[in-house]
Amino acid sequence: KAGVTQTPRYLIKTRGQQVTLSCSPISGHRSVSWYQQTPGQGLQFLFEYFSETQRNKGNFPGRFSGRQFSNSRSEMNVSTLELGDSALYLCASSVGQSNEKLFFGSGTQLSVL
Amino acid sequence: GESVGLHLPTLSVQEGDNSIINCAYSNSASDYFIWYKQESGKGPQFIIDIRSNMDKRQGQRVTVLLNKTVKHLSLQIAATQPGDSAVYFCAETAGNQFYFGTGTSLTVIP
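Order-wise, the sequence lines are chains A and B. Just add 7 to wherever you are in the first sequence, counting from 1, and you've got this note's numbering. Just add 912 to wherever you are in the second sequence, counting from 1, and you've got this note's numbering.
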């Protein structure tokens, strides 16, 4: 069974630009969560999608948005990039029930210059 | 918000020794806990989990202990190997949203 796939692996953008990251969950998984990981803050929850609906949302500004498609694949978008958005963005999938483990992808390393 | 903290940011152990990584959590309603291992350049990898109706769970070379009275979680790694060098995170949840600690970096000295 293929794992969680995130693309691209690396991205370099400049301030003010926007970026779209992609995540393909494990087959059969309907929940996709996104996390931002920085050295000082650890993993910060962005949002979670289940069956194309945002089910949970973290405390990030509206510049961070996401969506999920009918095949459970998900994208997240960051508009008007800031230097502080430089981070590893991790996607995790699960079947979608409460209290079950998350399976993570390798992440997209975003650098904002 | 939730607070999941780790007692030590770094830990160095001799190869073959046992390692203990600790984690404190603040939400008494959390009922599911996971330990993840993250190697450089990779995403977090599931190690072991435990539900709040248990206080101990064992896996292959790993044991997780849960003390709900003091809201404390620990991960014990037996006979630590160089391949165990990584950052370890604890995570807690009371539903669909997980809260992660900042991680403990484990270095195994050959």
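Ideal Cβ positions, reconstructed from N, Cα and C, are used throughout, including at glycine.
Chain-ordered neighbours of residue i on chain B, where CB pairs are closer than 7 Å
i                     : result
arginine 80 (chain A) : The contacting residues do not exist; arginine 80 (chain A) stays about 17 Å from chain B at best.
Reference residue i, options the options, closest by Cα
i                            : options                                      : result
glutamine 926 (chain B)      : B:Ser1017, B:Ala1006 and B:Pro994            : B:Pro994
arginine 37 (chain A)        : A:Gly69, A:Lys20, A:Glu55 and A:Gln44        : A:Glu55
isoleucine 962 (chain B)     : A:Ser118, A:Gln116, A:Ser34 and A:Glu107     : A:Glu107
glycine 49 (chain A)         : B:Ile959, B:Val1020, B:Ser952 and B:Gly1013  : B:Gly1013
proline 1022 (chain B)       : B:Phe1010, B:Phe1001, B:Thr992 and B:Thr1016 : B:Thr992
alanine 1003 (chain B)       : A:Leu109, A:Cys98, A:Gly103 and A:Gln104     : A:Leu109
glycine 69 (chain A)         : A:Gln25, A:Ser81, A:Val11 and A:Arg16        : A:Gln25
alanine 4 (chain A)          : A:Gly114, A:Ser31 and A:Gly103               : Outside the shown range of chain A, which is 8 to 120, sits residue 4 (chain A), and nothing can be said about it.
glycine 91 (chain A)         : A:Ser77, A:Gln75 and A:Ser118                : A:Ser118
lysine 64 (chain A)          : A:Gln44, A:Phe52 and A:Tyr17                 : A:Phe52
valine 39 (chain A)          : A:Ser113, A:Gly47, A:Thr14 and A:Val102      : A:Val102
serine 93 (chain A)          : A:Gly35, A:Gly114, A:Ser105 and A:Ser81      : A:Gly114
phenylalanine 1010 (chain B) : B:Val999, B:Ser952, B:Asn939 and B:Pro921    : B:Asn939
serine 86 (chain A)          : A:Thr27, A:Leu95, A:Thr14 and A:Ser79        : A:Thr27
Residue i and residue j closer than 8 Å at C-beta
i                            : j                       : result
serine 100 (chain A)         : asparagine 84 (chain A) : no
asparagine 930 (chain B)     : glutamine 970 (chain B) : no
leucine 977 (chain B)        : lysine 968 (chain B)    : yes
glycine 23 (chain A)         : leucine 88 (chain A)    : yes
phenylalanine 1001 (chain B) : glutamine 957 (chain B) : no
serine 964 (chain B)         : aspartate 996 (chain B) : no
serine 29 (chain A)          : glutamate 82 (chain A)  : yes
glycine 955 (chain B)        : leucine 18 (chain A)    : no
tyrosine 937 (chain B)       : leucine 985 (chain B)   : yes
Three-state secondary structure assigned by DSSP to residue i
i                        : result
leucine 977 (chain B)    : strand
glycine 73 (chain A)     : strand
leucine 88 (chain A)     : coil
glycine 65 (chain A)     : coil
glutamate 914 (chain B)  : Low local confidence applies: a pLDDT of 35 at glutamate 914 (chain B) is under 50, so the model's placement there is unreliable, with the coordinate-based value given in what follows. In this structure, glutamate 914 (chain B) counts as coil in the three-state DSSP scheme.
aspartate 961 (chain B)  : strand
glycine 995 (chain B)    : helix
serine 934 (chain B)     : Per the sequence shown, residue 934 (chain B) should be read as asparagine rather than serine. Strand, per DSSP.
isoleucine 19 (chain A)  : strand
methionine 83 (chain A)  : strand
leucine 120 (chain A)    : coil
serine 105 (chain A)     : coil
isoleucine 946 (chain B) : strand
glutamine 24 (chain A)   : coil
serine 1017 (chain B)    : strand
lysine 968 (chain B)     : strand
glutamine 13 (chain A)   : strand
valine 982 (chain B)     : coil
Interface residues of chain A facing residue i [CB-CB closer than 7 Å]
i                        : result
aspartate 943 (chain B)  : Asn106
isoleucine 946 (chain B) : Lys108
glutamine 970 (chain B)  : Per Cβ cutoff of 7 Å: no residues; glutamine 970 (chain B) is ~17 Å from chain A at best.
aspartate 961 (chain B)  : Lys108
Partner residues on chain B for residue i, Cβ-Cβ distance less than 8 Å
i                    : result
leucine 97 (chain A) : Gly955 and Pro956
Residues that residue i contacts on chain B, provided the C-beta gap is smaller than 9 Å
i                           : result
phenylalanine 67 (chain A)  : Under the 9 Å cutoff, chain B gives no residues; its nearest Cβ is about 13 Å from phenylalanine 67 (chain A).
phenylalanine 111 (chain A) : Tyr948, Gln950, Lys954, Gly955, Pro956, Gln957 and Phe958
arginine 37 (chain A)       : The contacting residues do not exist; arginine 37 (chain A) stays about 12 Å from chain B at best.
glutamate 59 (chain A)      : In chain order: nothing, as chain B lies at least about 15 Å away.
leucine 90 (chain A)        : The premise fails here: leucine 90 (chain A) is roughly 21 Å from chain B at the closest Cβ pair, so nothing lies under 9 Å.
Presumed contact (8 Å Cβ cut-off) between residue i and residue j, rounded CB distance
i                        : j                        : result
threonine 1005 (chain B) : isoleucine 933 (chain B) : Incorrect: roughly 19 Å between the Cβ atoms, too far for contact.
glycine 1007 (chain B)   : serine 105 (chain A)     : 5 Å
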